[in-house]
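These notes are about the structure you will find just below.
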Amino acid sequence: MTFSCHKYIPATTVLPLDLKPVLKLTNPSPHLSMSMKENETFVPKSFSQLEHLFGPSKIVSDLHSVCPVVSKEETLDQDKIVKKESLMQKPHLIKNDNMSFNGDESDVSIHVKSEQKVEVEVEQDESKSEEEIPMLIEYMDYNVEWNGKTHKTHFYHYYSNDSLVVRRGQLFKITFITTKPLPEGDYFTILLEFQNCSNPDFGNGTKALVRVYPLNQKRPPAHGNWSAYHGEISSETNQSITIDIIPHIHCMLGSWKMSFYNKNVNMHICKTPIYVIFNPWLEYGDEIPLEENQLVEYLIKDVGDIILGKPDKPKLEFWKYSQYENNVLPAVFSMLYDNGQLKYLDAGNIVNITRALIKAIMNPMVDEYKWGHIKEKLTLAGSKSLIEAYQRNKIVDTKKYFLGEVGLMVTAFRALGIPARVVTGFGVVRRLVNDCSFACNKYYTTDHRTIHDIYEELWYLRPWIEVFIPRKDICEEYCEWQWVCEYGPVSRDALRRRHLERPFGTLYAYNSLYSGVLQWEYDERDPQKHKKLVDYDNSVLHKRIFTKGTHPRTVCDLTQSYTIIKESEPKIHKILKTTKSVGDYIANSHNDDLEVDFQYEDEVLIGNTIKFLMILKNKSEINNLFLNYILVFESIYLNGKLHKIIHNSEDNCMLKKKTMECREIEFKSERYIDKIEPEYGLCKVCLQVRAKRINFTYITEKYITVKQPPLLMTILKDEMNQDSHFVHIELTNSLDKDIIDSNLILQEIDTNNKIILKIQKIAGLGKFIADVELGNKVNVGTFYFVVKFLSEVINCKVFGQLELKEEETKCES
Numbered sequence: 001m002t003f004s005c006h007k008y009i010p011a012t013t014v015l016p017l018d019l020k021p022v023l024k025l026t027n028p029s030p031h032l033s034m035s036m037k038e039n040e041t042f043v044p045k046s047f048s049q050l051e052h053l054f055g056p057s058k059i060v061s062d063l064h065s066v067c068p069v070v071s072k073e074e075t076l077d078q079d080k081i082v083k084k085e086s087l088m089q090k091p092h093l094i095k096n097d098n099m100s101f102n103g104d105e106s107d108v109s110i111h112v113k114s115e116q117k118v119e120v121e122v123e124q125d126e127s128k129s130e131e132e133i134p135m136l137i138e139y140m141d142y143n144v145e146w147n148g149k150t151h152k153t154h155f156y157h158y159y160s161n162d163s164l165v166v167r168r169g170q171l172f173k174i175t176f177i178t179t180k181p182l183p184e185g186d187y188f189t190i191l192l193e194f195q196n197c198s199n200p201d202f203g204n205g206t207k208a209l210v211r212v213y214p215l216n217q218k219r220p221p222a223h224g225n226w227s228a229y230h231g232e233i234s235s236e237t238n239q240s241i242t243i244d245i246i247p248h249i250h251c252m253l254g255s256w257k258m259s260f261y262n263k264n265v266n267m268h269i270c271k272t273p274i275y276v277i278f279n280p281w282l283e284y285g286d287e288i289p290l291e292e293n294q295l296v297e298y299l300i301k302d303v304g305d306i307i308l309g310k311p312d313k314p315k316l317e318f319w320k321y322s323q324y325e326n327n328v329l330p331a332v333f334s335m336l337y338d339n340g341q342l343k344y345l346d347a348g349n350i351v352n353i354t355r356a357l358i359k360a361i362m363n364p365m366v367d368e369y370k371w372g373h374i375k376e377k378l379t380l381a382g383s384k385s386l387i388e389a390y391q392r393n394k395i396v397d398t399k400k401y402f403l404g405e406v407g408l409m410v411t412a413f414r415a416l417g418i419p420a421r422v423v424t425g426f427g428v429v430r431r432l433v434n435d436c437s438f439a440c441n442k443y444y445t446t447d448h449r450t451i452h453d454i455y456e457e458l459w460y461l462r463p464w465i466e467v468f469i470p471r472k473d474i475c476e477e478y479c480e481w482q483w484v485c486e487y488g489p490v491s492r493d494a495l496r497r498r499h500l501e502r503p504f505g506t507l508y509a510y511n512s513l514y515s516g517v518l519q520w521e522y523d524e525r526d527p528q529k530h531k532k533l534v535d536y537d538n539s540v541l542h543k544r545i546f547t548k549g550t551h552p553r554t555v556c557d558l559t560q561s562y563t564i565i566k567e568s569e570p571k572i573h574k575i576l577k578t579t580k581s582v583g584d585y586i587a588n589s590h591n592d593d594l595e596v597d598f599q600y601e602d603e604v605l606i607g608n609t610i611k612f613l614m615i616l617k618n619k620s621e622i623n624n625l626f627l628n629y630i631l632v633f634e635s636i637y638l639n640g641k642l643h644k645i646i647h648n649s650e651d652n653c654m655l656k657k658k659t660m661e662c663r664e665i666e667f668k669s670e671r672y673i674d675k676i677e678p679e680y681g682l683c684k685v686c687l688q689v690r691a692k693r694i695n696f697t698y699i700t701e702k703y704i705t706v707k708q709p710p711l712l713m714t715i716l717k718d719e720m721n722q723d724s725h726f727v728h729i730e731l732t733n734s735l736d737k738d739i740i741d742s743n744l745i746l747q748e749i750d751t752n753n754k755i756i757l758k759i760q761k762i763a764g765l766g767k768f769i770a771d772v773e774l775g776n777k778v779n780v781g782t783f784y785f786v787v788k789f790l791s792e793v794i795n796c797k798v799f800g801q802l803e804l805k806e807e808e809t810k811c812e813s
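Here you go:
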């Protein structure tokens, strides 16, 4: 068999191991005689050596497909050489002007028409067959049309045909064509890598291997893992394979890279990532709480209306959310993980995703805008320009645009597959008095005109967001629309029932929605004259709350959905009486390998040491289990706003298998006393524990109160003198330090009278009892009292309420 040559090969091309010829030199040339003996076997390692012997070499066109080109400095890598069988089907021989080729399938000889004569012998391995030729993926189809209709994500694909968007927990199909049929006994393995994590790892769920089983061998997936199956292959010549892939119902939202392997370790890496988003059709269980028309209006549609105008005459303002347009979804994931600083271990928890979006877009620390002066803002008609600005600058800047924050928030939620809508409230409290009171002030002139430059604590109108997410972290009954603004998510049902201990930010939402309004009469002619209280309104919701209806250009009234249930009592009073946990939130489900217990004293008094105890138990067989924990201890106002951070620490620990470790954290009085919120001592403790080798995250958030010294007051009736009242005061000092001086201030709300009672120094532990005559100026009614404590370590106040009646009463604070 004679072969012709028409293509040159570079001299640095390396010969494959299986093609290395054995050269037997007869009549060696002078330049080889120095290094080789006659009839010595010579094995060339590259074509450069053959070229040195025979001059410029030529090769057939297919040679490049089996002989990789490397540099002269590189050595031969045996693992990267193609098998010999592919060459034996198309033999490739070297030729120059002085050479002729003869050969068959078993051996090859080269006859040189010169003084040199070289024989090239190639021995074929008879044991290798055509079945061992590797199977490669030639073409892959994401089935965008079928997957888009099934997952209701076809609008994403309309703007970008290169990416595939699927909802977690639901099957999607991928079809590919291979170079040969799938051999019997062979199988595919899918490598999944979470791209929003810098270093994916198998131990924390950001990297996983999923074996593709036949449909008749379905089995439950491993904990937190995906599952995949392939259809039946009807004939040996069928080279098209369809794989059904099911993301885990709680897998991380974000971008996933997929790679396919078969048994022979051949890999195909998908060029474009697969985006996994929330699935409201499966996340809530067997029944979907929302109707289909609500899902279409508040999730599928990319346009909507925001309510403006007046309470008695609402106005619809058009807004285009643009959640399906190109690069919007990657930009939302960037906001989530970069600006919102969402940890990838929390990326599967929908509550943590909501809180991260709030942090990224609606920063409460810089929101100082008054919605009552909306003309100062620049107007927009959609979120697209805000997304484009973020892509350029990587900064979320919505403060200068009217409705920019709420519009962008709805865009981000809907892009992630979470139902969201804009809600507008009229007459909602904007800024609370001293950041701690349950009431705000409203001022009028003597002729009943509203003073607008003082009237800043109420919003003319205020939009916020409602999202529909499951709240399995607290209770199933709270799986409904959630209030989201500077804080959240907050269940509407928790607000109506006054379950103010529920996370996150329920106190703040309650105060802004249901705060009472003190109406004062203000004399403009005499500003120094004290204002006179004329009315107290404990319900701001005589105003209206609206959102966009499910029908075009309609308004839905939500006022009744925010109305407080009268039978319910606010649990805030219970919070203030005792030191107790009023909120407990765990991010992930229970893990049998690791247990965390968080404890503290039942009662903490101001001035005493506060102790927290964290108990970690490793129940698994994993040795040297590394844990990272963060403890944040902060004082807050009654509205839930941060007052001061008392302590913020992060540390690591290592647990051996079947062991337990206790960590105790102490706070001396000098470390926290000046950071305690002065009126109530309400604090929040947040503990986060994460494991580095197993998928485990523990997050608990608790509200506690640092109690004030108890103050007991008894109103005594004087039968001899009906025009005066006596107060029996009992002050218990159980502090470590002595109280230097204290003042008791009684303030009557209707006449604004003040009575100050001096209390002498209390030395050491003990009680002080005094009977004080208030006189006939004080009428029977309701008083607000303020107790100021001064000592070497204490400078705080206690607010309370005292009701004077004819009969004997007691009040404890």
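Take the sequence shown: its position 630, counted from the start at 1, is 630 in full-length UniProt numbering, and no numbers get skipped.
Quick reminder that beta carbons are idealized off the backbone N, C-alpha and C, glycines included.
Are Glu325 and Lys384 touching if we call contact CB-CB under 8 Å?
-> Numbered from 1 along the sequence shown, position 325 holds the residue referred to as residue 325. Numbered from 1 along the sequence shown, position 384 holds the residue referred to as residue 384. Yes.
So, do the region 172-181 and the region 139-148 have three or more beta carbon pairs nearer to each other than 8 Å?
-> yes
What residues are listed by DSSP as bridge partners for Gln599?
-> On the sequence shown, residue 599 is found 599 positions in, with the first residue counted as 1. Paired residue(s): Leu613.
Span of the beta strand (DSSP E), counted from its first residue to its last, around His230 | In the sequence shown, residue 230 corresponds to position 230, counting from 1. Note, His230: beta strand (DSSP E), 227-230.
Buried or exposed: where does Val351 fall if 16 or more other Cβ atoms within 10 Å of its Cβ makes it buried?
-> Taking the sequence shown and counting its residues from 1, one reaches residue 351 at position 351. Label assigned to Val351: buried.
With respect to the beta strand (DSSP E) encompassing Met258, which residues constitute its N-terminal and C-terminal limits?
-> Position 258 of the sequence shown holds residue 258. It spans 254-261 - the beta strand (DSSP E) in which Met258 sits, taken as one unbroken run.
Alpha helix (DSSP H) runs contained entirely in the region 263-311, provided each spans 4 or more residues = 292-295
Helix or strand or just coil, what does DSSP make of Val706?
-> On the sequence shown, residue 706 is found 706 positions in, with the first residue counted as 1. Coil, per DSSP.
By how many angstroms is the C-alpha of Asn624 removed from the C-alpha of Trp464?
-> Counting from 1 along the sequence shown, the entry for residue 464 is found at position 464. Counting from 1 along the sequence shown, the entry for residue 624 is found at position 624. When rounded, the distance between both Cα atoms is 47 Å.
Compare the Cα-Cα distances from Glu650 to each of Ile636, Ile630, Cys662 and report the closest residue.
-> Position 650 of the sequence shown, counted from the first residue, corresponds to residue 650. Closest in alpha carbon position to Glu650, among Ile636, Ile630, Cys662, is Ile630.
Starting from Arg428, trace the alpha helix (DSSP H) both ways and give me its first and last residue.
-> By 1-based counting over the sequence shown, the position of residue 428 is 428. According to the sequence displayed, residue 428 carries Val and not Arg. Segment: none, Val428 is in no alpha helix (DSSP H) and carries neither H nor E.
Could you tell me the distance, in whole angstroms, from the CA atom of Asn143 to the CA atom of Leu687?
-> As a position in the sequence shown, residue 143 is number 143, starting the count at 1. As a position in the sequence shown, residue 687 is number 687, starting the count at 1. Rounded to the nearest angstrom, the two C-alpha atoms are 45 Å apart.
Same chain, Cβ closer than 6 Å to Tyr298, five either side skipped, listed in chain order | For the purposes of this step, residue 298 is taken as residue 298 along the sequence shown, with counting starting at 1. Pro419, Arg421.
Using the C-alpha atoms, what's the distance from Glu283 back to Val467?
-> The residue you call residue 467 lines up with position 467 of the sequence shown. The residue you call residue 283 lines up with position 283 of the sequence shown. Taking the straight line from one Cα to the other gives about 14 Å.
What is the DSSP secondary structure of Asn623, counted as helix, strand or coil?
-> Stepping through the sequence shown from its first residue, residue 623 is reached at position 623. Note: Asn623 maps to coil in three-state DSSP.
Could you please give me the residues that DSSP links to Gly382 through a beta bridge?
-> Translated into the one-based positions of the sequence shown, residue 382 becomes position 382. BP columns for Gly382 point to Lys320.
Residue from Ile241, Lys310, Pro330 with nearest C-alpha to Ser163 = The residue labelled residue 163 in the question sits at position 163 within the sequence shown. Of the listed residues, the one whose Cα sits closest to Ser163 is Pro330.
Helix or strand or just coil, what does DSSP make of Thr354?
-> By one-based count along the sequence shown, residue 354 stands at place 354. Helix, per DSSP.
By the 10 Å Cβ neighbour count, where 16 or more other Cβ atoms means buried, how is Arg502 classified, buried or exposed?
-> Sequence index remark: in the sequence shown, residue 502 carries index 502 (1-based). By the 10 Å Cβ count, Arg502 comes out buried.
When burial is assigned at 16 or more other CB atoms within 10 Å of the CB, is Glu73 buried or exposed?
-> As a first step, residue 73 must be located in the sequence shown, where it is residue number 73. Annotation note: pLDDT 38 at Glu73 (below 50); position unreliable, coordinate value reported separately. So Glu73 counts as exposed.
Nearest CA to the CA of Ala356: which residue from Gly348, Phe194, Gln341, Phe598?
-> Along the sequence shown, read from residue 1 onward, the residue named residue 356 stands at position 356. When only C-alpha atoms are compared, the closest one is Gln341.
Got a sec? Which residues, its chain only, sit under 7 Å from Lys675 by beta carbon, not counting five neighbours each side?
-> Stepping through the sequence shown from its first residue, residue 675 is reached at position 675. Only Ser635, Lys644, Ile646 meet the Cβ criterion.
What do you get for Ser240, buried or exposed, if any count of 16 or more other CB atoms within 10 angstroms of its CB means buried?
-> As a first step, residue 240 is located in the sequence shown; it is residue number 240 there, counting from the start. Exposed, because fewer than 16 other Cβ atoms sit within 10 Å of the Cβ of Ser240.
Cβ-Cβ distance between Lys617 and Tyr600 below 8 Å | What you label residue 617 is simply residue 617 of the sequence shown in a count that begins at 1. What you label residue 600 is simply residue 600 of the sequence shown in a count that begins at 1. Contact flag unset, no.
Own chain, CB closer than 6 Å to Ile353, minus 5 neighbours either side, in chain order = As a first step, residue 353 must be located in the sequence shown, where it is residue number 353. Closer than 6 Å at the Cβ level, and outside the excluded window around Ile353, lies no residue.
In chain order, what residues of the same chain have a beta carbon less than 8 Å from the beta carbon of Lys472, not counting five sequence neighbours either side?
-> Your numbering for residue 472 matches position 472 in the sequence shown. Counting only Cβ-Cβ distances below 8 Å, and skipping sequence neighbours, we find Cys479.
Assign Met409 to buried or exposed, taking buried as 16 or more other Cβ atoms, counted over all protein chains shown, within 10 Å of its Cβ.
-> To locate residue 409, count along the sequence shown from 1; it is residue 409. Met409 is buried by the Cβ-count criterion.
Does DSSP put Asp244 in a helix, in a strand, or in coil?
-> Start at 1 with the first residue of the sequence shown, and residue 244 comes out as number 244. Three-state DSSP puts Asp244 in a strand.
Buried versus exposed, by CB contacts within 10 Å (16 or more), Glu666 = As a position in the sequence shown, residue 666 is number 666, starting the count at 1. Exposed, by the Cβ-count rule.
Just how far apart, CA to CA, sit Cys485 and Ile358?
-> Start at 1 with the first residue of the sequence shown, and residue 485 comes out as number 485. Start at 1 with the first residue of the sequence shown, and residue 358 comes out as number 358. Using only the alpha carbons, I get a separation of about 7 Å.
Three-state secondary structure assigned by DSSP to Ala420 = Counted from its first residue, the sequence shown places residue 420 at position 420. The answer is strand: DSSP assigns Ala420 an E or B state.
Candidates Thr559, Gly549, Gln482, Cys251: which alpha carbon is nearest Tyr514's?
-> Here the question's residue 514 lines up with position 514 in the sequence shown. For Tyr514, the nearest C-alpha among the options comes from Thr559.
So what does Asn618 bridge to, in DSSP terms?
-> Against the sequence shown, residue 618 aligns to sequence position 618. BP columns for Asn618 point to Leu594, Thr659.
What is the rounded straight-line gap between the Cα of Pro289 and the Cα of Ile361?
-> Your numbering for residue 289 matches position 289 in the sequence shown. Your numbering for residue 361 matches position 361 in the sequence shown. For Pro289 and Ile361, the distance between alpha carbons rounds to 28 Å.
Opposite Arg690 in the DSSP bridges: which residues?
-> For the purposes of this step, residue 690 is identified with residue 690 of the sequence shown, where counting begins at 1. Per DSSP, Asn628, Thr697.
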